[in-house]
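Remarks on the structure that follows.
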Ligand SMILES: [Zn+2]
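In the numbering used here, the protein residues as written are 413 to 546.
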């Protein structure tokens, strides 16, 4: 009985120890990612400065020359995508309405000739292409 108790308390201690470690590590991980985020932002600031230098016609070396061209390509792509999104926004609403009126207007007005498959006006008695009776 005593053995069992001590075993349980041991397990309990181990669990609390590991969960404390987990909490410590979680804190460290948060600290780590916030520091990494800071570094990323500094990279970003440096990059933006380089971009500015180039947009004013400057140059600071071959590596950056190429990176600036890459940035311009990406910018072009971004603008294209933005343009497409805008187009989709303006197009998406009127299309279904148009389709409905098209279906209602067009279908009953057509009579297809059973000989030559020409589309004829619903009021025609004879095919406009082959002259046979519709
Ligand atoms: Zn016909």
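Every residue, glycine too, gets a C-beta built ideally from N, C-alpha and C. Only a predicted model underlies this, so the values are computations on that prediction, with no experimental measurement involved.
Leaving aside the five residues before and after residue i along the sequence, list all residues of the same chain whose C-beta is less than 6 Å from its C-beta, in chain order.
i           : result
residue 541 : 528, 530
residue 521 : 534
Please state whether DSSP places residue i in a helix, a strand or coil.
i           : result
residue 465 : helix
residue 537 : coil
residue 472 : coil
Could you pull out every residue in the same chain whose Cβ sits closer than 7 Å to the Cβ of residue i, ignoring the five residues on either side in sequence?
i           : result
residue 545 : 537, 538
residue 483 : 463
Next item on the list: Give a yes or no on contact between the region 429-442 and the region 450-457, applying the rule of three or more CB pairs nearer than 8 Å.
Entry: no
Notebook entry, point to check: Counting Cβ pairs closer than 8 Å, one from the region 440-447 and one from the region 455-472, do we hit at least three?
Noted result: These segments do not touch.
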